[in-house]
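> Here this note's numbering is used: the first residue of the sequence shown is 4, the next is one more, and so on.
The beta carbon of each residue, even a glycine, is placed where N, CA and C say it ideally should be.
The following block contains the structure, expressed as structure tokens.
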Amino acid sequence: MPINPLSSTTMFRSLITSKKSVLKCSFHTKSGTGGSSCYSLDSSRQLVTNDFHSLHSLHRRKLCLNTKHLSTSLKQSRSKSTALQQQSTGFKLSQSLSSTHHHPNPQTLISSVRDLLHSSLLKPRTFSVPRWITPRHFSVTLSEMLGHASFVLVAVSYAVDDYLMLRVIAVAGSTSMLFFTYFHPHGRVLWLPFQWNMLFIALNCYRIGKALVAEHNASQLSEEMIRLQKEFLPAVRLVDFDKLVGSGEVVEYRVGDEIVGQGESSPYVYMVIEGKLVSYRDHICTYKIERGDFLMENGIHVGLGLVGHVDSSAKVLAAGNQGDVVRVFRWDRTKLNRLLRHTPSLDASLQSVISLDIVRKLKKQRTMLTKKDVENPELWTEKRIEQNFSRYVNILKNVLTHRGHLQRVRKQLETYRLIHDIDDSLHLEALQQCGWTLKEYTLGYRRAAHVQKKPTTIKVADWK
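Here it is, written out as structure tokens:
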């Protein structure tokens, strides 16, 4: 039973009164000698003090027992109320499920599920730590744990290199934050972060679906295309290679057919799939183009991004035995440039592939000299230099034809000149063939020719 503070105070006052009466009696009866009076007074005070301390300690022990009893009963009542709440929620859910089995009511079912989630996610769960760390007990809810998990997943996504896995982890983190914002420990739904996370989940799910569809389409490529990609375009991802294949077309030629003539304007970029091509500069064979090699690439390896038609610096014929078929991939230059601009990963990987292709062609030219396939090496070297310079003139003409393109690719042109050994004198000669001056090239635009116009005289009669 709880102790009444008023009753304990009354008992203490009565005790003090009784002790005072004893003190008075002892003082009056033994007033004859001073020593006995002092002894009686001190004994009475000590007796009062001892009784007070004993009564106070008894009161504290009873109060502690009462507090423990109250805390125990409070915990039991809380556990009972939680159990009753869960039982009522489960009963409501089962009742709603049974009612929906006979009479479907989606709103009742949704509210029951929400109540069940609310009671389970917001239920405090206590966990203890070793007492040598702290004697305190900590409690946490599942909603708070989902909130912490959301930030942990976001931090993990930053350390992932895979594009698809990064978005999957981001969706998981945003979903965890959805539960935390809707079932918030303070009892209110945080609609602002809830709506933003819904938007992020939708965007990431769209990108994930798009990536999965692209991977599925790439897996449908033929074995020949997959083998071609592994042998000659290993730097290009299979998904990007599927886009590259989808933007082009396969063309077949017979042996002796002309792919493109010298000085002829062509809007295409070629890649040999089967067979062999031969390049001629003024009827002199300069190099051979075999399976996996590119033709008319014209600066793709430095990112020039040419569009439209480009003149050819040599005549290219299909070669081989009589009756053989030469199959090539053909891309429209403008469409290919648009694809590379919208797919940066393909642009970077294709630049590296074509750079290796140029190195491979140079090695083949050296092999032609060592095997003595060239009848006149001096003339062959001269035609190779002419072809290299003619290719730069054709590239420069294409760049200068399209207004504003020079400012965008000026650095790429300088890189091309450095790779293909185009010095300032050759550059100036190429500008003269294009009809430009060095000053106009530096400014980035060509000035229009100044034409003097005769002044027009207006008669007064024309105003009438």
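1. Can you tell me which of I422, G150, S428, R413 puts its alpha carbon nearest to the alpha carbon of Y448?
2. With a CB to CB cut of under 7 Å and the five nearest residues on each side skipped, what residues in its chain are close to G278?
3. Quick check: L441 and L429, are their CB atoms within less than 8 Å of each other?
4. Going by the DSSP bridge assignment, what does W439 pair with across the sheet?
5. Closest to F297 by CA distance: which of W194, E381, Q354 is it?
6. Using only CA atoms, which one of L145, V272, W135 lies nearest to R128?
7. Do the CB positions of R210 and R240 come within less than 8 Å of each other?
8. Mapping DSSP to helix, strand and coil, what is A173?
9. Would you say the stretch 141 to 159 touches the stretch 174 to 181, given that touching needs at least three Cβ pairs under 8 Å?
10. What whole-angstrom Cβ distance do L224 and V248 have, given they're in contact under 8 Å?
11. Express the C-alpha separation of H219 and M168 in angstroms, rounding to a whole number.
12. Apply the 10 Å Cβ neighbour rule to R450 and answer buried if 16 or more other Cβ atoms are within range, or exposed otherwise.
13. Who are the near neighbours of V157 in its chain, counting only those whose CB is closer than 6 Å to its CB and skipping five residues on each side?
14. Determine the contact status of Y271 and D335, defining contact as a CB-CB distance below 8 Å.
15. On the CB-based measure, 16 or more other CB atoms within 10 Å of its CB, does H140 come out buried or exposed?
16. On the three-state DSSP scale, how would you describe Y448?
17. Please confirm whether G311 and E234 have their CB atoms less than 8 Å apart.
18. Looking only at C-alpha atoms, which of K374, D245, Q265 sits nearest to E389?
19. Can you have a look at L349 and say buried or exposed, based on whether 16 or more other CB atoms are within 10 angstroms of its CB?
20. What is the rounded straight-line gap between the Cα of L50 and the Cα of L125?
21. Using CA coordinates, which residue listed in I398, W135, V242, I287 is at the minimum distance from F347?
22. What separation, rounded to the nearest whole angstrom, lies between the Cα atoms of N539 and R369?
23. Where do the ends of the alpha helix (DSSP H) carrying V132 lie?
24. In whole angstroms, what is the alpha-carbon distance linking H121 and Y161?
25. Could you give the distance in angstroms between the alpha-carbon of Q232 and the alpha-carbon of M274?
26. With H, G and I counted as helix, E and B as strand and the rest as coil, what does DSSP make of R394?
27. Could you say which of R411, S131, L309, S269 lies nearest to I398 if we only look at CA atoms?
28. Which of the three DSSP states, helix, strand or coil, is assigned to M228?
Let me spell this out:
1. In the sequence shown, counting from the first residue as 1, residue 448 sits at position 445. Answer by Cα proximity: R413.
2. Translated into the one-based positions of the sequence shown, residue 278 becomes position 275. Once the five neighbours on either side are set aside, the close Cβ partners of G278 are A321, G323, D327, V328, V329, R330.
3. Locating residue 441 in the sequence shown gives position 438, counting from the first residue. Locating residue 429 in the sequence shown gives position 426, counting from the first residue. Taking 8 Å as the Cβ cut-off, L441 and L429 do not qualify as a contacting pair.
4. Residue mapping note: residue 439 aligns to position 436 of the sequence shown, counting from 1. Per DSSP, none; premise fails for W439.
5. Counting from one through the sequence shown, the residue named residue 297 turns up at place 294. Of the candidates W194, E381, Q354, the one whose C-alpha sits nearest the C-alpha of F297 is Q354.
6. Residue numbering aside, residue 128 sits at position 125 when the sequence shown is read from its first letter. Among L145, V272, W135, the Cα nearest to that of R128 belongs to L145.
7. Reading the sequence shown from its first residue, position 207 is the one you call residue 210. Reading the sequence shown from its first residue, position 237 is the one you call residue 240. Contact: no.
8. Taking the sequence shown and counting its residues from 1, the one referred to as residue 173 is at position 170. A173 falls in the helix class under three-state DSSP.
9. yes
10. Position 221 of the sequence shown, counted from the start, is the residue given in the question as residue 224. Position 245 of the sequence shown, counted from the start, is the residue given in the question as residue 248. Right, the Cβ-Cβ distance comes to about 7 Å (below 8 Å), so this counts as a contact.
11. Position 165 of the sequence shown, counted from the start, is the residue given in the question as residue 168. Position 216 of the sequence shown, counted from the start, is the residue given in the question as residue 219. The alpha-carbon atoms of M168 and H219 are separated by roughly 16 Å.
12. Stepping through the sequence shown from its first residue, residue 450 is reached at position 447. R450 is exposed by the Cβ-count criterion.
13. As a first step, residue 157 must be located in the sequence shown, where it is residue number 154. Cβ within range, chain order: G176.
14. The residue given as residue 271 occupies position 268 in the sequence shown. The residue given as residue 335 occupies position 332 in the sequence shown. In this structure, D335 lies closer than 8 Å to Y271 by Cβ.
15. In the sequence shown, the residue the question calls residue 140 occupies position 137. That one is exposed.
16. One-based indexing of the sequence shown puts residue 448 at position 445. Coil at Y448, not helix or strand.
17. Against the sequence shown, residue 311 aligns to sequence position 308. Against the sequence shown, residue 234 aligns to sequence position 231. No, they are not a contact pair.
18. For the purposes of this step, residue 389 is taken as the residue at position 386 of the sequence shown. Cα-wise, what sits closest to E389 is Q265.
19. On the sequence shown, residue 349 is found 346 positions in, with the first residue counted as 1. Buried, because 16 or more other Cβ atoms sit within 10 Å of the Cβ of L349.
20. Mapped onto the sequence shown, residue 50 falls at position 47. Mapped onto the sequence shown, residue 125 falls at position 122. Caution applies to L50, whose pLDDT of 46 falls short of 50 and renders its modelled position unreliable; the value that the coordinates give is listed next. Their backbone Cα atoms lie some 58 Å apart in a straight line.
21. Counting from one through the sequence shown, the residue named residue 347 turns up at place 344. Position check: residue 347 holds Pro in this sequence, whereas Phe was assumed. Checking every option, the nearest Cα to that of P347 belongs to V242.
22. There is no way to answer for residue 539, as the model of the chain reaches only from 4 to 467.
23. The residue labelled residue 132 in the question sits at position 129 within the sequence shown. Run containing V132: none; DSSP gives neither H nor E here.
24. Taking the first residue of the sequence shown as position 1, residue 121 is located at position 118. Taking the first residue of the sequence shown as position 1, residue 161 is located at position 158. Cα to Cα, the separation comes out at about 31 Å.
25. Counting from one through the sequence shown, the residue named residue 232 turns up at place 229. Counting from one through the sequence shown, the residue named residue 274 turns up at place 271. Approximately 12 Å between the Cα atoms of the pair.
26. As a position in the sequence shown, residue 394 is number 391, starting the count at 1. Note: R394 maps to helix in three-state DSSP.
27. Taking the sequence shown and counting its residues from 1, one reaches residue 398 at position 395. Among R411, S131, L309, S269, the Cα nearest to that of I398 is on L309.
28. Translated into positions along the sequence shown, residue 228 becomes position 225. M228: helix per DSSP, three-state reduction.
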